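Numbering (the numbering used here), first residue to last: 35 to 451.
From the three backbone atoms N, C-alpha and C, an ideal C-beta is built for every residue, glycine too.
Quick caveat, the model's predicted, so the values are computed rather than measured.
Have a look at the structure below before the remarks.
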């Protein structure tokens with residue numbers, strides 16, 4: 035008797051069981067995706083798209099190619115050794131006349147002024163004087179403004195005609211392009227951003243170290259005390275989260291200023307003379323003190339969550355084996371708290387490196403961060419390309435820090451609770 039093939043299992047509808055299972059799995063995946071799709075959409079709109087926009091704006095350079103399109107086209111084939119011919123000057127006059135009528139020369143003049151001081155007034159004065167100009171435009175424009183007779187001006191226009199630029203990134207690291215396209219250091223009076231980057235980094239590291247130094251014993255106390263006492267202290271740790279950041283910062287101004295509470299107290303007890311009060315505000319000291327206080331809970335909470343999981347029997351066992359208290363702490367307890375230290379450290383460092391309000395209020399000139407100058411370029415100088423380049427570099431620094439942290443410690447070992 036020959037063996038007949040096994041009959042495949044089917045559902046009540048006659049559909050093979052394997053096909054039915056695949057359909058069920060597919061439907062469950064679609065349902066899961068639909069459930070998380072609002073969150074994905076929110077992340078794309080509120081996180082991915084702004085980052086992409088920032089990165090694009092840091093290299094986007096449409097002003098010259100858009101508002102001087104005829105001039106850029108006429109400059110093709112220019113030898114860069116002598117002033118352009120009459121056709122280029124005529125194209126420039128036509129572009130400026132059109133821009134004056136459309137009232138859109140502001141972006142063009144600002145963009146060129148970032149690269150060469152005085153170009154804003156040159157373009158504005160030239161556009162206003164075009165009504166009385168007659169051919170030949172080359173002599174007329176040079177007579178109207180000497181800047182058009184400079185070879186560097188035309189090299190600048192030709193260079194900035196590219197739709198993409200690295201000028202913003204060069205300015206963010208105190209570099210600039212020469213008229214011939216070489217990268218050189220900016221004038222000493224314009225070298226600012228590199229110093230601010232280094233200041234932001236080392237002050238953020240100092241603040242992270244101080245929060246660890248102050249937060250470790252507090253977290254240890256919270257984890258060691260009985261629950262009724264630790265809950266009360268935890269309320270005190272969380273209390274700053276219930277107070278406005280602006281209120282906490284201005285409170286430190288009242289405490290640290292020359293005529294503030296702390297100086298008055300030290301004068302009253304004779305620590306300092308009345309005419310030798312300490313200057314602890316509008317400098318690096320004020321920024322470090324205020325930000326350490328504000329960011330301290332972000333260090334305490336990860337430490338506490340890890341310390342609470344360490345059984346007290348570990349230390350008792352170490353002591354019973356003859357270990358001294360400090361040795362037991364160093365060899366047994368401290369290594370177990372490294373995940374909490376890592377979590378608090380990366381959290382405080384990334385928060386501090388991007389802080390804005392506190393350095394702006396208490397930092398003065400010597401205690402401000404690079405983030406304050408991002409806001410300056412966004413709100414005052416309106417150089418959004420430079421602001422985007424600085425922010426992109428700051429993002430790159432944070433990503434590199436995260437990768438190094440993951441390489442040395444491992445993100446999988448970080449515990450936030």
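Query, Result
"Residue 250 versus residue 139 - alpha carbon distance", "58 Å"
"Span separating the alpha-carbon of residue 17 from that of residue 437", "The question about residue 17 has no answer, for the chain in this structure spans 35 to 451."
"Best match in 305, 382 and 304 for proximity to residue 330 [C-alpha to C-alpha]", "382"
"Backbone secondary structure at residue 315 - three-state DSSP", "coil"
"CB of residue 253 within 8 Å of CB of residue 338, strictly", "yes"
"Residue 209 (DSSP reduced to helix, strand or coil)", "strand"
"Identity of the residue in 356, 340 and 362 nearest residue 349 by Cα", "362"
"Reference residue 366, options 204, 378, 346 and 376, closest by Cα", "346"
"Which residues DSSP lists as bridging residue 198, in chain order", "94"
"Assigned exposure category for residue 263 - 16 Cβ within 10 Å defines buried", "exposed"
"Where the alpha helix (DSSP H) containing residue 233 begins and where it ends", "227-258"
"Close-in-space but distant-in-sequence residues of the same chain around residue 36 (CB under 6 Å, 5 per side omitted)", "Note that residue 36 scores 49 on pLDDT, short of 50, meaning its location in the model is unreliable; the coordinates nonetheless yield the value given after this. Excluding positions up to five away in sequence, the list is empty."
"Per-residue burial, residue 127 [other beta carbons within 10 Å of its own, 16 or more giving buried]", "buried"
"Limits of the unbroken alpha helix (DSSP H) element including residue 301", "295-302"
"Spatially closest choice to residue 191 from 210, 55, 150 and 219, by CA coordinates", "150"
"Neighbourhood of residue 304 by C-beta distance below 8 Å, restricted to the same chain and skipping five residues each side", "none"
"C-beta atoms of residue 321 and residue 392 nearer than 8 Å", "yes"
"Inter-stretch contact (C-beta, 8 Å, three-pair minimum) for the region 106-120 and the region 150-161", "no"
"Proximity below 8 Å, CB of residue 421 to CB of residue 412", "yes"
"Every unbroken alpha helix (DSSP H) within the region 341-373, with a cutoff of 4 residues, ordered by chain", "347-354 and 359-362"
"Meets three-Cβ-pair contact criterion under 8 Å: the region 187-202 and the region 163-173", "no"
"Environment of residue 145 [buried if 16+ CB atoms lie within 10 Å]", "buried"
"Straight-line Cα distance separating residue 89 from residue 430", "11 Å"
"Cβ-based neighbour list, residue 205, same chain, cut-off 6 Å, excluding 5 preceding and 5 following", "420"
"CA-to-CA distance, residue 179 to residue 238, given in whole angstroms", "49 Å"
"The alpha helix (DSSP H) enclosing residue 432, as first and last residue numbers", "418-442"
"Sequence-distant residues of the same chain with beta carbon closer than 6 Å to residue 125, five excluded per side", "104, 105 and 108"
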